[in-house]
Amino acid sequence: MDPLSIISLTGNIAQFISIGYGILSTARELYNAPDDSADSLRTIRLLAEDVKRSIVMISKDIPDVAQSGEERALQDISKECGQLADGVLAQIEKLRIDGEGLLRKLRALRVSATFRFKKKEIDEMLARLIALEARLRTWWFPTNIYRHSITGQNNVIIAIRSDLSQLKRTTNRLDIGQSVLSGLEAKLDQILANIESLEDGSAISARRDALEGIALNSRNYKDETSKMKRHHRILEALIFDSIYSREEKIEFAHVKTLEWLFDSPITNFRAWLETGSGVYWMNGLVSTDCTFVSKIRLRNTLLIFFLVRPAVASLPP
Amino acid sequence: MKYVSSHPATREALKKWAGGQEMVIASHYFWIAGTEMQKSQEGLLQTLLFHILRKTPWLIDALLPEQIGLQRTHSLSQLKAFFSQLQGEELECCFCFFIDGLDEYHGAEEDIIQVVKDLAACPRIKVCASSRPWSAFLAEWSSSPQSFRMQDFTRDDISAYVHDKVSTDAKFQAASINDPQWLDLPQTIVERAEGIWIWVYFVVRELLRDIRDNEPFEQLHKRIDSYPTELSAFFDVIMGKIDQVHMKSAARLMLSSTIAIQPLSVLALVVLEEEEDFVIRSEIYTLSKDDLKDLFKSWQPRLQNRCRDLMKLEPATRTEPRNFRVEFLHRTVRDFLLKEHRDELQIKAGADFDTRFSLCEVKLLELKRAEQDYDGSFHGLHVMELLHYANMIEQEPLKSQVPQALIELLDELDRVMKYHSRLYRVYRGWNRLAPNKSKKWPNISWIAASAGLTQFTRQDIEINQDIAHVSVLLQCSLGCADLGVESTAGDSAIPVFARNINTIRLLLTTEVDPNYSINRSTSPWVSFLRHLAQNWSNFSGQSKQIALDIICELVQRGAHIRFRIQDEDEQGATISIFEFVRNELGEPITAWRLKEIVKRRQEVDRISQECHSESSKSSNPPNIWKPQGRFARLLAWTKW
Chain X
2 MDPLSIISLT GNIAQFISIG YGILSTAREL YNAPDDSADS LRTIRLLAED VKRSIVMISK
62 DIPDVAQSGE ERALQDISKE CGQLADGVLA QIEKLRIDGE GLLRKLRALR VSATFRFKKK
122 EIDEMLARLI ALEARLRTWW FPTNIYRHSI TGQNNVIIAI RSDLSQLKRT TNRLDIGQSV
182 LSGLEAKLDQ ILANIESLED GSAISARRDA LEGIALNSRN YKDETSKMKR HHRILEALIF
242 DSIYSREEKI EFAHVKTLEW LFDSPITNFR AWLETGSGVY WMNGLVSTDC TFVSKIRLRN
302 TLLIFFLVRP AVASLPP
Chain G
24 MKYVSSHPAT REALKKWAGG QEMVIASHYF WIAGTEMQKS QEGLLQTLLF HILRKTPWLI
84 DALLPEQIGL QRTHSLSQLK AFFSQLQGEE LECCFCFFID GLDEYHGAEE DIIQVVKDLA
144 ACPRIKVCAS SRPWSAFLAE WSSSPQSFRM QDFTRDDISA YVHDKVSTDA KFQAASINDP
204 QWLDLPQTIV ERAEGIWIWV YFVVRELLRD IRDNEPFEQL HKRIDSYPTE LSAFFDVIMG
264 KIDQVHMKSA ARLMLSSTIA IQPLSVLALV VLEEEEDFVI RSEIYTLSKD DLKDLFKSWQ
324 PRLQNRCRDL MKLEPATRTE PRNFRVEFLH RTVRDFLLKE HRDELQIKAG ADFDTRFSLC
384 EVKLLELKRA EQDYDGSFHG LHVMELLHYA NMIEQEPLKS QVPQALIELL DELDRVMKYH
444 SRLYRVYRGW NRLAPNKSKK WPNISWIAAS AGLTQFTRQD IEINQDIAHV SVLLQCSLGC
504 ADLGVESTAG DSAIPVFARN INTIRLLLTT EVDPNYSINR STSPWVSFLR HLAQNWSNFS
564 GQSKQIALDI ICELVQRGAH IRFRIQDEDE QGATISIFEF VRNELGEPIT AWRLKEIVKR
624 RQEVDRISQE CHSESSKSSN PPNIWKPQGR FARLLAWTKW
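From first to last, the protein sequence lines stand for chains X and G. Just so we're on the same page, the numbering used here is the position in the first sequence counted from 1, plus 1. Just so we're on the same page, the numbering used here is the position in the second sequence counted from 1, plus 23.
This is the structure:
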């Protein structure tokens, strides 16, 4: 299972749990105030949609065959999500039928016994969500040692970190800006920090915030990382060995001597850069390295002012 | 060519060309003795393509569908297809290619000339190419004004310049008759110059003064030796020559010029010399062309006294006939001052001098002295620039001046613009900017809110807490009024609402009504949502988060839950905020959170209504209900 799928799966599970909390609280409110029937029905339909969508997203990332114990554990958590989703969907179905019934029945006909019964089921599902959330946390951090030392990191975190440093190496080789990478790193740290903050003791609302953080950041992380990988693939297909070699050999001995090039009374080059279009031709300004310019030619050439140093070592551009 | 393409001046000049658009520089170096890729068309195009995509990865997504680019080799036709796509698409991106050594291409010269011309056929692409003067290239380009011959610019030129200036000087000629070793002086200068023109200008000028003052020959030699050819040491010497009396105003002028986004006008010199509150107290009157010319004449020698030759006054140009500009003698001066001397200049300018504030003053004075401007576009540019500096102050508070000074300055700006807007008929800019679609200057409160000037807005709402007023301010600060004030260069990707977040938060502490609409136009709330719907995919993750937080906050503040998102479509279906966030923006988590906020809000509304009907005799009902006692308990119950 590749690190990106792990991140994405975790994010989706976090989103599922968070939406689950939202759904259950909404469902409970629907029981309590089902007076706006048409609107309630629409809400219920959307609830079902979101549950289904988020479970589809989870199943997309589950690997067919689990390789290690860690992956099996994650698979189990995903399966639990699936089962829980079934339960939630069943509840929503009941609600929906009730809701349609309500259109016909009088509101007073709502029987308090069935209401209490369903509320119990909702509370039970809430408990399962909380348990699921705890499992997700323990999956990431098998030991509490993590909080005090790096040695406690599990293999998954190591794999994700090494995936990131691989990206860093490619970025360096292709000479691309580093800003996106540091953003990615910050997101990963944010995900881990959010997972850590999923304390059992804290209020559900605080934990929901943390889950939302995980879901949001991991979605961003996955999107940006896979986009970046695609960019790298394309750039690596375009780069060739000698792409920089010529440029690197050129080294002006007296770069300052060309300052006048930009002086507007002397040349119109600057004006062309600022407002011109088409082609500007520099007649004679050719980069030369010493292997091609003999000493005599040097003395006579127009290029006397931008002679080059012998390319003793290829200096970085 | 490598030197040219990587020179900061090149980048700076091309940025001007590109305007606000992204600008990409890519270069290729032909080499006849290198690999196939170094001397072929494929190599040229693939190298350019690599550098373009390396610098602007978003073009990959815009131009390359998923499957392309994965194979190792690319045919010439594939590469050409990409470039014609690059020329055809409406991209917010300008390109400048530097191609070195066309004569080292391994095919016919005519072919490579055609390739270069094809590349430059698009107005967003230009090409700077170099080659040896071979006949095919000469035939194509030698008559073009967009070219130069290197042999015209060798050290012979420096030599000619020096001889022209020094040898023709009467005193010099007289001296050299008595003492032939004087005749070597020009050559000494040329030797030492090492081709640095700015060095030559300076030394020749100083030398001529010495000659005029009958300095002995040894002194002249000392003079030449005293100017190091190492540029930064050279500048240190020049700086040391500035008279201490003038040091303060010189330092102020230089600091201002390094930060200003375009060259200062001659009026800046006036501002820097005058009393502190001169600009604010000064009357509004137009300076005639002759007045400006007089200013130019009187300031030219004085500027030289103050800044030696580091700054110069440029005469008016054809495009801006009224404007005399203060420019650096050479663009390296600006880089040098920024890098090496900024702190030193700040000390010399005095601790109470704030460059950004001073630039605001300069702009205000320019507006006060400006000509009548029928479409207001010149005035508009000055206002935008002033707001840019004011926003810089917002990012980092003023060091010494009380914040009050900036507020007074903005009030004065209001007065000036009201004066001007009596005279001109229409300015297209203002109706884009003002939520009421007026074509006159709106008012400073709106402008300040649009530009994210929190200090000003804070004071403003202390005076006027009218719901209508703060609601329009909210609309301005959310960026829906489309005031084209961009934040500082480089981070143009930051949307207005993210930059103005402090102002927005401030306004949300007042009794603002997100649903209030001015002259029956769209409310801040709906125009904000429309703005988001149109641009959502372009925002960064952080901006999205800020936008979602603002939505939640506005819903809590009573924004309409159902609205029409389609513009001008009175018959169109309404959509709920829940559906909008979930389906249009694709943010289910926030959507469900909003659902709860809405429930809670409705609960509070219901309770407050009940409470009202119980005590309807109480006079003015407060606009916002804060839960207390019994309500607070009910709220806690809904909260879970």
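Ideal Cβ positions, reconstructed from N, Cα and C, are used throughout, including at glycine. Just so we're clear, the structure is a prediction, and the values are computed from it rather than from any experiment.
Of the residues the options, the one placed nearest residue i, counting alpha carbons only
i      : options                        : result
I8/X   : S243/X, I131/X, L217/X, E237/X : L217/X
E50/X  : E94/X, I159/X, S26/X           : E94/X
I261/G : H364/G, Q632/G, L530/G, I83/G  : H364/G
F106/G : L336/G, K38/G, I75/G           : I75/G
R147/G : G130/G, S153/G, C117/G, Q137/G : C117/G
E134/X : I14/X, E186/X, A187/X, R220/X  : I14/X
P518/G : Q568/G, I470/G, L530/G, R481/G : Q568/G
A291/G : I247/G, E389/G, D332/G         : E389/G
V157/X : R247/X, L75/X, D124/X, S26/X   : L75/X
K188/G : M415/G, P203/G, V227/G         : V227/G
S321/G : E241/G, E576/G, V627/G, V289/G : V289/G
E237/X : L168/X, G214/X, S278/X         : L168/X
D124/X : R209/X, A194/X, G21/X, L48/X   : G21/X
T532/G : W559/G, F520/G, E113/G, S494/G : S494/G
T211/G : D236/G, N237/G, Y250/G, K194/G : Y250/G
Other residues of its chain near residue i: CB distance less than 6 angstroms, five sequence neighbours each side excluded
i      : result
T171/X : H233
S311/G : none
M60/G  : G66
D202/G : none
Nearest-angstrom Cβ-Cβ length linking residue i and residue j, presumed shorter than 8 angstroms
i      : j      : result
P537/G : L497/G : 7 angstroms
Q108/G : L125/G : With 8 angstroms as the limit, Q108/G and L125/G do not qualify as a contact, their Cβ atoms being about 24 angstroms apart.
L368/G : L278/G : 5 angstroms
Q110/G : C145/G : 4 angstroms
E384/G : L432/G : 7 angstroms
E275/X : K39/G  : 5 angstroms
L387/G : V439/G : 7 angstroms
Span separating the alpha-carbon of residue i from that of residue j
i      : j      : result
T309/G : S550/G : 39 angstroms
H244/G : S272/G : 32 angstroms
A272/X : V280/X : 13 angstroms
D224/X : Q16/X  : 16 angstroms
K80/X  : E72/X  : 12 angstroms
Y184/G : Y128/G : 37 angstroms
G581/G : I630/G : 15 angstroms
E299/G : I541/G : 39 angstroms
T281/G : H269/G : 18 angstroms
N346/G : N221/X : 50 angstroms
K264/G : R331/G : 7 angstroms
H583/G : I490/G : 16 angstroms
N284/X : W164/G : 9 angstroms
I430/G : F479/G : 6 angstroms
D3/X   : A187/X : 20 angstroms
K53/X  : G12/X  : 16 angstroms
R209/X : E610/G : 15 angstroms
E619/G : G23/X  : 8 angstroms
Residue i - DSSP class collapsed to helix/strand/coil
i      : result
M277/G : helix
M24/G  : coil
G83/X  : helix
D505/G : Residue placement at D505/G is poorly supported in this model, since its pLDDT is 48, which falls under 50; the coordinates are not used for a value here.
F121/G : strand
W157/G : coil
K296/X : Its pLDDT being 29, under 50, K296/X is placed unreliably by the model, and nothing is read from it.
A204/X : coil
A41/G  : helix
R172/G : strand
Beta-carbon contacts of residue i that lie in its chain and below 7 angstroms, excluding the five residues immediately before and after
i      : result
F376/G : R275
T70/G  : H51
Residues of its chain near residue i, where Cβ-Cβ distance is below 8 angstroms and the 5 sequence neighbours each way are ignored
i      : result
I136/G : L125, A159, F160, E163
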